[in-house]
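Peer 1: Quick note: the sequence shown uses the working numbering, first residue 1427, plus one each step. From the three backbone atoms N, C-alpha and C, an ideal C-beta is built for every residue, glycine too. This one's a predicted model, so the numbers in the text were calculated from it and none came from an experiment.
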Amino acid sequence: MLASVALLGFSCAASAWAADIDKLVGNCVSCHGKDGASAESDVPNISGLSADYFSGAMKAYKAKERPCVETKVRSGDKKGTKTDMCQLAKDISEADVKLLAKNFSEKKFVRATQKFDGALAKKGKEIHDKKCEKCHSEGATLASDDAGILAGQKMAYLKEQTEFFLAGKRPYAEKKMKEKLESIDKAGIDALVHYYGSIK
Ligand code: HEC
Ligand code: HEC
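#1: Any idea if G1412 is buried or exposed, counting beta-carbon neighbours within 10 angstroms, 16 or more meaning buried?
#2: Please say whether L1607 and L1584 have beta carbons closer to each other than 8 Å?
#3: Measuring straight from C-alpha to C-alpha, what distance separates I1447 and S1531?
#4: Thinking just about the alpha-carbon of each residue, which of K1533, K1541, A1489 is nearest to the one in Q1513?
#5: Please find out if some non-hydrogen atom of ligand 1 comes closer than 7 Å to the beta-carbon of C1457.
#6: Contact between the segment 1543-1560 and the segment 1519-1533 is defined here as three or more beta-carbon pairs at a separation below 8 Å; is this criterion met?
#7: Specify the secondary structure class of K1505 as computed by DSSP and reduced to three states.
#8: For D1468, which option in D1510, L1450, A1477 has the closest C-alpha, if you only look at C-alpha atoms?
#9: From C1393 to K1460, what distance separates their C-alpha atoms?
#10: How is K1548 classed by DSSP in three states: helix, strand or coil?
#11: Looking at ligand 1, does it come within less than 7 Å of Y1583, judged from the CB to the closest heavy atom?
#12: Of all the options F1542, A1577, A1545, E1564, which has the alpha carbon lying nearest to the alpha carbon of P1470?
#13: In whole angstroms, what separates the C-alpha of K1504 from that of A1538?
#14: When you compare the CB of I1625 with every CB in chain D, is at least one pair closer than 8 Å?
#15: Starting from the N-terminal side, write out each stretch of the alpha helix (DSSP H) that is 4 residues or longer and does not extend beyond the segment 1488-1540.
#16: What is the DSSP secondary structure of K1560, reduced to helix, strand or coil?
#17: Quick one: is D1598 buried, meaning 16 or more other Cβ sit within 10 Å of its Cβ, or exposed?
#18: According to DSSP, is A1542 helix, strand or coil?
#19: Can you give the Cα-Cα distance for T1588 and D1611, rounded to whole angstroms?
#20: Exposed or buried, which one is S1563 when buried takes at least 16 other CB atoms within 10 Å?
#21: Mind checking K1580: buried by the 16 CB within 10 Å criterion, or exposed?
Set out below in structure tokens:
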């Protein structure tokens, strides 16, 4: 008797959790795409990022420490509605951020297929190996670096974020990155973006 009551309690809790996470994720995928990979050039792919990096990003949006780009919901009931990541993160509890981070981190990062310039990509790789590989290792493919994933990330998004860093709008988690990024000219940054975009 006791065992069956306990079992019932457990299954209720489990299904409530499942409903919640589906609803939470549903909100995100209306822009970020099914499984966190969208066809939208300005919306980053968010599956497969480490849970730590993911939670850190959500915290930064919540505290408005990271710039929030005004954007439109791309699909679903609210399609066309304007919003941004700060507004979206504001009402998500810490517990729900944890659930979301776990959910997306357990999926595979999907590399975007993008148009890139081969010569620029080659130049970008040289710069990356010298200045970025230390923290964004194995060609910026590893979630476990807790530094986002640059390889196969949306090029428009990467360009925008490097501009935010350089303009002092997005804080650096590592001071050393500031030094490295500031040592590269505009053409070099462009080459880096083509390199990351070239990784399939
Ligand atoms: C209306 C469209 C939209 C919705 C809905 C949306 N996002 Fe975003 N998200 C964006 C855009 C655009 C960016 C990049 C621009 C920026 O940083 O403001 C972004 C950036 C992010 C990033 C940063 C990725 C990185 O590499 O640092 C994370 C994490 C993220 N979103 C998670 C979520 C989660 C979780 C949800 C659901 C609760 C969500 N987003 C809902 C549009 C959206
Ligand atoms: C000393 C370590 C370090 C070095 C060197 C470094 N980075 Fe980073 N980078 C990080 C960390 C840590 C983060 C995550 C920041 C955060 O938590 O907001 C990051 C984040 C980023 C992001 C944002 C990713 C996203 O998904 O939004 C970009 C873009 C980036 N780095 C580009 C570069 C480039 C290009 C170089 C080389 C010129 C470089 N970094 C060198 C540590 C480093």
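Peer 2: According to the structure data:
#1: As displayed, the chain neither begins before 1427 nor continues past 1626, which places residue 1412 out of reach and without an answer.
#2: no
#3: 14 Å
#4: A1489
#5: yes
#6: no
#7: coil
#8: D1510
#9: Nothing in the structure corresponds to residue 1393, since the chain is present only between 1427 and 1626.
#10: helix
#11: yes
#12: A1577
#13: 25 Å
#14: No chain D is part of this structure, which consists of one protein chain only.
#15: 1511-1516, 1520-1531
#16: coil
#17: Note on residue identity: the sequence assigns Tyr, not Asp, to residue 1598. With fewer than 16 Cβ atoms within 10 Å of its Cβ, Y1598 is classed as exposed.
#18: For the record, residue 1542 in the displayed sequence is Phe; it is not Ala. Three-state DSSP puts F1542 in coil, outside helix and strand.
#19: 12 Å
#20: exposed
#21: buried
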